[in-house]
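Some notes on the structure that comes next.
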Amino acid sequence: MIELLYFAWVRERIGVDGEVLPLPEGVATVAALLDWLAGRSEGHATALADRGRVRVAVDQVFAQADTPVTAGAEVAIFPPVTGG
Amino acid sequence: MIELLYFAWVRERIGVDGEVLPLPEGVATVAALLDWLAGRSEGHATALADRGRVRVAVDQVFAQADTPVTAGAEVAIFPPVTGG
Amino acid sequence: MILVRVQAEPLDLAPLLPEGGDTGAVVTFTGFVRGDANELGGLVSLTLDHYPAMTERALAAIAAEAERRWPILAGRVVHRVGRMLPGEAIVHVAVASSHRAAAFAAAEFLMDWLKTKAPFWKAEERAGGTTWVEARASDDLAAARWE
Amino acid sequence: MILVRVQAEPLDLAPLLPEGGDTGAVVTFTGFVRGDANELGGLVSLTLDHYPAMTERALAAIAAEAERRWPILAGRVVHRVGRMLPGEAIVHVAVASSHRAAAFAAAEFLMDWLKTKAPFWKAEERAGGTTWVEARASDDLAAARWE
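Protein chains in written order, with our numbering: chain A, 393 to 476; chain B, 393 to 476; chain C, 479 to 625; chain D, 479 to 625.
Here's what the structure looks like:
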């Protein structure tokens, strides 16, 4: 399983705070996970339409497109941060 | 007349807070005033021995060697500042 | 040692005072909610969303990097979350060091990295509705100065 | 408007809070007397001498230059004079602006210029006697960055 968490407008577009899913077959990186997620619902597709505007953290650390995703990971997806 | 004011170690070496003197004949600039003052006493000579370590303000504005000094001026002589 | 904290309560802006005899300089930064009266309707409120499991960890990493780069004697980074009103403080950073150059640099670094590397998101409530604030390219440039 | 003040009394370090809705950033600098315990005998006291007729005028000129360079909404520059003890504040600068880059730059500028262009002199009292502090070349270099 992997735990997905969504924040800010990513959460609003997808419509849930997060979800727990089996790691999809053939998905081993952040990029592959986003590709797979975008096909999951219209909300997911809208949230992930522009990958340049989406950031990902794996196990609470900022990740890149090629960062590995394995079973048990916590994967957070959100817009560029705007705190401070 | 001119009013001379001394601060920090310039004051301590000269031995007074300040003095009021007639503008010496032939003195028209800061540099000329310092040359004249250095001959006034041993304390003055010691205080002004190294001109590179002495700063001057004329009428409360930082002055250069060629800044004019005229009768009625307030001339302050002090080390490089160390506030803050 | 820089203390980091995330809280829903209003921030305490009491000054960071020297402990021990080595502190010669304290620099603070405080970010406030602007009212933006010039923009349509002004700002009603600002809500800070964050990623709780990651936030303090990210702030601690930023603080550790500052301590690696400058001789910091004490410091704090406190970020507020939840809903706040114009004039209220969003974030407060304080750094104590022996000399001012290090204190200024570390405080500015902490803010620049926090702005781009800590998982907070601002939503602005105006008369016309609530919108998520867009990240600013100038913040990325400011953070890149320290790479 | 930056208020400038010279006083013999201990400095008030209460935070500068936003007035009106445009303030997004406040940066402060506070300079403290260091105890210098590592140096022979440590520091007993620090005495700040100044040139009263010139001091506030010089500070006002420095503040005016900062206001010419950055969009400053409010600020203060307060310098203490007379005798003070380790841990006490010597100088406090606060700058409010809409954005952090201006607030940081203006506060650092105010300190760099104050250190080199305002008529204050420090005398350090140690067990061995009292000596005038030498000006530091690093302060001249810091001030020259803004020329």
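We put the CB at the ideal spot given by N, CA and C, even for glycine. Keep in mind the model is a prediction, meaning the values are calculated, not measured.
- Here G435(B) carries a helix assignment [DSSP, helix/strand/coil].
- A531(C) and Q452(A) have their C-alpha atoms some 7 Å from each other.
- Note on L537(D): 16 or more other CB atoms within 10 angstroms of its CB, so buried under the neighbour-count rule.
- The residue among L494(C), L491(C), D514(C) and D490(C) with its C-alpha nearest the C-alpha of R604(C) is D514(C).
- Within its own chain, the residues whose Cβ lies closer than 6 Å to the Cβ of I406(B), once the five positions on either side in sequence are excluded, are Y398, G435, H436 and A439, listed in chain order.
- For A615(C), there are no C-beta contacts with chain D under 7 Å, since the nearest C-beta of that chain is about 13 Å from it.
- Straight-line measurement puts the Cα of R554(D) at about 34 Å from the Cα of V422(B).
- Three or more Cβ pairs closer than 8 Å define a contact, and the stretch 516-526 of chain C falls short of that threshold against the stretch 585-602 of chain D.
- The residue from V505(D), S523(D), T501(D) and P488(D) with its alpha-carbon nearest to that of G606(D) is S523(D).
- Here the stretch 480-491 of chain C does not lie against the stretch 459-475 of chain B, with fewer than 3 beta-carbon pairs under 8 Å apart.
- F470(A) has R447(A) as its beta-bridge partners, per DSSP.
- Inter-residue distance for V419(A) and D427(A) is about 9 Å (C-alpha atoms, whole angstroms).
- With a cutoff of 8 Å on beta-carbon distance, P471(A) and R432(A) are scored as not near each other.
- For S616(D), the three-state secondary structure derived from DSSP is helix.
- Three or more Cβ pairs closer than 8 Å define a contact, and the stretch 576-587 of chain D meets that threshold against the stretch 544-553 of chain D.
- For the stretch 395-420 of chain B, the residues whose beta carbon sits under 9 Å from a beta carbon of chain D are, in order, L397, F399, A400, W401, R403 and E404.
- For L426(B), the uninterrupted alpha helix (DSSP H) segment begins and ends at V422 to A430.
- Assignment of beta-bridge partners to A601(C) by DSSP yields T525(C) and W610(C).
- Between the alpha carbons of E612(C) and T474(A) lies a distance of about 7 Å.
- With distances taken between CA atoms, V573(C) lies nearest to P549(C) out of G565(C), P549(C) and R558(C).
- For the options A601(D), W624(D), A539(D) and G502(D), the alpha carbon positioned closest to that of M562(D) is the one of A601(D).
- Taken atom to atom, the span from the alpha-carbon of E566(D) to that of P414(B) is near 43 Å.
- Per DSSP, the unbroken beta strand (DSSP E) holding V556(C) starts and ends at I550 to R558.
- Bounds of the alpha helix (DSSP H) holding L537(D) are P530 to R547.
- For M589(C), the neighbours in chain D by C-beta distance under 7 Å run, in chain order, R578.
- Among the residues facing chain C, A449(A) is included, as its CB has a counterpart in that chain under 8 Å away.
- In the three-state DSSP reduction, M562(D) falls in the strand class (E or B).
- Note: T506(C) is bridge-paired with A572(C) and T506(D) in the DSSP secondary-structure output.
- For V446(B), no Cβ of chain D is located within less than 8 Å of the residue's own Cβ.
- Taking 7 Å as the Cβ-Cβ cut-off, the stretch 592-604 of chain C has no residue approaching chain D.
- When DSSP states are grouped into helix, strand and coil, R483(C) belongs to the strand group.
- From the beta-carbon of G502(C), the residues of chain D found nearer than 7 Å are G509, F510 and R512.
- With distances taken between CA atoms, T506(D) lies nearest to L495(C) out of L495(C), V511(C) and T525(C).
- Non-local beta-carbon contacts of T459(B) in its own chain, meaning distances under 7 Å to residues more than five positions away in sequence, involve T421, V422 and V450 in chain order.
- Residues of the stretch 479-492 of chain C with a C-beta atom less than 8 Å from some C-beta of chain A do not occur.
- Where L592(C) is concerned, the enclosing alpha helix (DSSP H) starts and stops at R578 to K595.
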